[in-house]
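Asks:
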Amino acid sequence: MTQKQNVIVSETKSEVVAQNKPLGGGYISISRKNILKKLEINGGRVNGWIENMRASSPTHPSLSQDQTSWNVHHPSALDMFDQIMESSKGKQIVMFLDYDGTLSPIVEDPDRAFMSNSMRKTVRKLARCFPTAIVTGRCKDKVYNFVRLAELYYAGSHGLDIKGPTRSSKYNKDRKGETLHFQPASQFLPMIDELYQRLVDKTKSVPGAMVENNKFCVSVHFRCVDEKKWSELAHQVKSVLKDYPKLRLTQGRKVLEIRPTIKWDKGKALEFLLESLGLAHCNDVFPVYIGDDQNDEDAFKQKLRDRGQGFGILVSKFPKETSAYYSLQEPKEVMDFLQRLVEWKEVSLSAHSRV
Ligand SMILES: [Mg+2]
Numbered sequence: 001m002t003q004k005q006n007v008i009v010s011e012t013k014s015e016v017v018a019q020n021k022p023l024g025g026g027y028i029s030i031s032r033k034n035i036l037k038k039l040e041i042n043g044g045r046v047n048g049w050i051e052n053m054r055a056s057s058p059t060h061p062s063l064s065q066d067q068t069s070w071n072v073h074h075p076s077a078l079d080m081f082d083q084i085m086e087s088s089k090g091k092q093i094v095m096f097l098d099y100d101g102t103l104s105p106i107v108e109d110p111d112r113a114f115m116s117n118s119m120r121k122t123v124r125k126l127a128r129c130f131p132t133a134i135v136t137g138r139c140k141d142k143v144y145n146f147v148r149l150a151e152l153y154y155a156g157s158h159g160l161d162i163k164g165p166t167r168s169s170k171y172n173k174d175r176k177g178e179t180l181h182f183q184p185a186s187q188f189l190p191m192i193d194e195l196y197q198r199l200v201d202k203t204k205s206v207p208g209a210m211v212e213n214n215k216f217c218v219s220v221h222f223r224c225v226d227e228k229k230w231s232e233l234a235h236q237v238k239s240v241l242k243d244y245p246k247l248r249l250t251q252g253r254k255v256l257e258i259r260p261t262i263k264w265d266k267g268k269a270l271e272f273l274l275e276s277l278g279l280a281h282c283n284d285v286f287p288v289y290i291g292d293d294q295n296d297e298d299a300f301k302q303k304l305r306d307r308g309q310g311f312g313i314l315v316s317k318f319p320k321e322t323s324a325y326y327s328l329q330e331p332k333e334v335m336d337f338l339q340r341l342v343e344w345k346e347v348s349l350s351a352h353s354r355v
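Residues in the sequence shown are numbered consecutively from 1, following the UniProt record's numbering.
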């Protein structure tokens, strides 16, 4: 299978590709015994889930992490802009953007996490300069309704639902009318729908609990739940999840997320998208991934830090454990950084045309 054939796949072909384990993907071959063992470990970890949720959504500087030393290790991407651009010299920049907390502010109602018009305009300009993808835990269609830019790549459900640009751009000219479409876990859809319904019923008794069906994953939001009730809600999630050994749980910013136990995450999605652009095995590619949450670490670490290609930028006001090299404090700073990238590209193009 050629590299190109590997990535331009229809929905029906995607299962075959997944079984062929592209890019190390496919199913985790662990026995049921091991899955149950893993669940037992998880089973005793309701407090651990809650601690992790708190750690990924700090509201004040942590005592264990000094803000100044954290800033030294993860300097502002705006302050380091010139150095970053210097290291990207001669390389193809590819942009990967998380949505919630990165392009849009974190809000209490996940259905109202709108991005500003000025952010949309900036991302539109960015996509004219560099291939640009949105990589999110959200359902792809829902995030598309927020972003509404047909020229972008979208990787929804933590990369389990990938779609290429529907509007032609200079980066997907050779598609011959085909749209990149990849769903490595489509057979999990009925199970996810059933789980969603069971979680909705189970969590009704906890005021403020919200369950969101993100197509290939289910999110249980704690944001509007009184912290005293977090443990009760987490126990409810655990009691439903025990019936689904093929699903696994991860924690994010005031959210528990449940998704299929396949080796696929935002890092794999990043790698897949680079491959679809024909850049996976290039030395002159420079991926930039901006995200604010625990699940973005898969991309920061796997591709960017371990392979020494490009870099990750964590969006956070407070120190957090991260594999990202740089930081930005909030979506407004993300917009400023993207705007500077656009201006840098325009200046370098006009300098090039004068030569
Ligand atoms: Mg986020």
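Ideal placement from N, C-alpha and C gives every residue a C-beta, glycine not left out. The structure displayed is predicted, hence computed values, not measured ones.
Relative to the alpha-carbon of Ser116, which residue among Asp100, Gly164, Cys129, Pro190 has its alpha-carbon at the smallest distance?
Replies: In the sequence shown, counting from the first residue as 1, residue 116 sits at position 116. The shortest Cα separation from Ser116 among Asp100, Gly164, Cys129, Pro190 belongs to Asp100.
Asks: Can you tell me whether Leu78 is helix, strand or coil according to DSSP?
Replies: In the sequence shown, counting from the first residue as 1, residue 78 sits at position 78. Here Leu78 sits in coil by DSSP.
Asks: Assign Phe318 to one of three DSSP states: helix, strand, or coil.
Replies: As a first step, residue 318 must be located in the sequence shown, where it is residue number 318. Here Phe318 sits in coil by DSSP.
Asks: Compute the distance between the beta-carbons of Gly164 and Arg138, then report whether it is under 8 Å.
Replies: Position 164 of the sequence shown, counted from the first residue, corresponds to residue 164. Position 138 of the sequence shown, counted from the first residue, corresponds to residue 138. No, these two residues do not count as a Cβ contact at 8 Å.
Asks: Specify the secondary structure class of Ile106 as computed by DSSP and reduced to three states.
Replies: Residue 106 sits at position 106 when you count from the first residue of the sequence shown. DSSP places Ile106 in coil when its eight states are reduced to three.
Asks: Could you give the first and the last residue of the continuous alpha helix (DSSP H) run that contains Asp141?
Replies: One-based indexing of the sequence shown puts residue 141 at position 141. Counting along the chain, the alpha helix (DSSP H) containing Asp141 begins and ends at 140 to 147.
Asks: With a threshold of 7 Å, establish whether the CB of Asp265 neighbours any heavy atom of ligand 3.
Replies: For ligand 3, the structure offers nothing, since it holds only ligand 1.
Asks: Would you call the CB atoms of Pro110 and Met191 closer than 8 Å?
Replies: Residue numbering aside, residue 110 sits at position 110 when the sequence shown is read from its first letter. Residue numbering aside, residue 191 sits at position 191 when the sequence shown is read from its first letter. For Pro110 and Met191, no; Cβs fall outside 8 Å.
Asks: CA-CA distance, Leu180 and Pro260?
Replies: Position 180 of the sequence shown, counting from 1, holds the residue named residue 180. Position 260 of the sequence shown, counting from 1, holds the residue named residue 260. Each residue's alpha carbon lies about 22 Å from the other.
Asks: Quick check on Asn214: buried or exposed, where buried means 16 or more other Cβ atoms within 10 Å of its Cβ?
Replies: Locating residue 214 in the sequence shown gives position 214, counting from the first residue. Buried: at least 16 other Cβ atoms inside 10 Å.
Asks: Pairs of beta-carbons, one from the region 214 to 230 and one from the region 144 to 159, closer than 8 Å: are there three or more?
Replies: The region 214 to 230 is in contact with the region 144 to 159.
Asks: Let me make sure I understand the geometry here. Which of Leu256, Phe114, Asp98 has the alpha-carbon closest to that of Glu51?
Replies: Your numbering for residue 51 matches position 51 in the sequence shown. Answer by Cα proximity: Leu256.
Asks: Are there 16 or more other CB atoms within 10 angstroms of the CB of Leu233, so buried, or fewer, so exposed?
Replies: Looking up residue 233 in the sequence shown gives position 233. So Leu233 counts as buried.
Asks: What residues come near ligand 1, if near means a beta carbon less than 5 Å from any of its heavy atoms?
Replies: The answer, residue by residue, is Asp98, Asp100, Gly101, Asp292, Asp293.
Asks: So what does Ala133 bridge to, in DSSP terms?
Replies: To locate residue 133, count along the sequence shown from 1; it is residue 133. DSSP lists Phe96, Tyr153 as partners of Ala133.
Asks: Which runs of the beta strand (DSSP E) fall wholly inside the region 247 to 310 and span at least 3 residues, in chain order?
Replies: Correct list: 247 to 252, 255 to 260, 285 to 291.
Asks: From which residue to which residue does the alpha helix (DSSP H) around Glu346 run?
Replies: Working through the sequence shown from its first residue, we reach residue 346 at position 346. From DSSP, the alpha helix (DSSP H) with Glu346 extends over 331 to 354.
Asks: Are Tyr289 and Leu270 close, meaning C-beta to C-beta below 8 Å?
Replies: Locating residue 289 in the sequence shown gives position 289, where the first residue counts as 1. Locating residue 270 in the sequence shown gives position 270, where the first residue counts as 1. Contact flag set, yes.
Asks: I need the straight-line Cα distance from Glu330 to Asp292, nearest angstrom please.
Replies: Within the sequence shown, residue 330 is the residue found at index 330, counting from 1. Within the sequence shown, residue 292 is the residue found at index 292, counting from 1. If I take the Cα positions, the gap works out to 9 Å.
Asks: When the Cβ atoms of the region 122 to 140 are set against those of the region 72 to 86, are three or more pairs found closer than 8 Å?
Replies: Segments in contact, no.
Asks: Sort out for me which residues DSSP pairs Ser327 with in a bridge.
Replies: Against the sequence shown, residue 327 aligns to sequence position 327. Answer by DSSP bridge pairing, in chain order: Ser76, Leu314.
Asks: Who pairs with Phe182 in a beta bridge, going by DSSP?
Replies: If you number the sequence shown from 1, residue 182 lands on position 182. In DSSP, Phe182 forms a bridge with Ile162.
Asks: Does DSSP put Val211 in a helix, in a strand, or in coil?
Replies: Counted from its first residue, the sequence shown places residue 211 at position 211. Residue state, collapsed to three classes: strand.
Asks: Buried or exposed, going by whether 16 or more other CB atoms sit within 10 Å of the CB of Ala150?
Replies: Mapped onto the sequence shown, residue 150 falls at position 150. Looking at its Cβ environment, which holds fewer than 16 other Cβ atoms inside 10 Å, Ala150 is exposed.
Asks: Measuring only the C-alpha atoms, how far is Glu86 from Met95?
Replies: On the sequence shown, position 86 is the one that residue 86 refers to. On the sequence shown, position 95 is the one that residue 95 refers to. Their Cα atoms are separated by approximately 17 Å.
Asks: Excluding the 5 residues preceding and the 5 following Leu152 in the sequence, name in chain order all residues of the same chain whose CB lies nearer than 7 Å to its CB.
Replies: Taking the sequence shown and counting its residues from 1, one reaches residue 152 at position 152. Correct list, in chain order: Ala127, Thr132, Ala133, Ile134, Pro165.
Asks: DSSP three-state call for Val220: helix, strand or coil?
Replies: Indexing the sequence shown from 1 puts residue 220 at position 220. DSSP places Val220 in strand when its eight states are reduced to three.
Asks: Work out the CA separation of Glu343 and Ser350 for me, nearest whole Å.
Replies: Along the sequence shown, read from residue 1 onward, the residue named residue 350 stands at position 350. Along the sequence shown, read from residue 1 onward, the residue named residue 343 stands at position 343. Distance between the alpha carbons of Ser350 and Glu343 is about 11 Å.
Asks: If you follow the alpha helix (DSSP H) that Arg45 is part of, which residue opens it and which one closes it?
Replies: Taking the sequence shown and counting its residues from 1, one reaches residue 45 at position 45. Run containing Arg45: none; DSSP gives neither H nor E here.
Asks: Report the option in Lys332, Lys89, Ser348, Gly252 whose CA atom is closest to the CA atom of Trp49.
Replies: On the sequence shown, residue 49 is found 49 positions in, with the first residue counted as 1. It is Gly252.
Asks: Using the beta-carbon count (16 or more within 10 Å), is Lys320 buried or exposed?
Replies: Along the sequence shown, one-based indexing puts residue 320 at 320. Label assigned to Lys320: buried.
Asks: Hey, could you find the ends of the alpha helix (DSSP H) Glu194 is sitting in?
Replies: Sequence index remark: in the sequence shown, residue 194 carries index 194 (1-based). Unbroken alpha helix (DSSP H) run through Glu194: 189 to 202.
Asks: Among residues of its own chain, excluding the 5 on either side of Glu297, which ones have a beta-carbon nearer than 6 Å to its beta-carbon?
Replies: Here the question's residue 297 lines up with position 297 in the sequence shown. Closer than 6 Å at Cβ, skipping near neighbours: Ser323.
Asks: Could you check how far apart the C-beta atoms of Asp98 and Thr136 are, in whole angstroms? I think they sit under 8 Å.
Replies: On the sequence shown, position 98 is the one that residue 98 refers to. On the sequence shown, position 136 is the one that residue 136 refers to. Confirmed, about 6 Å.
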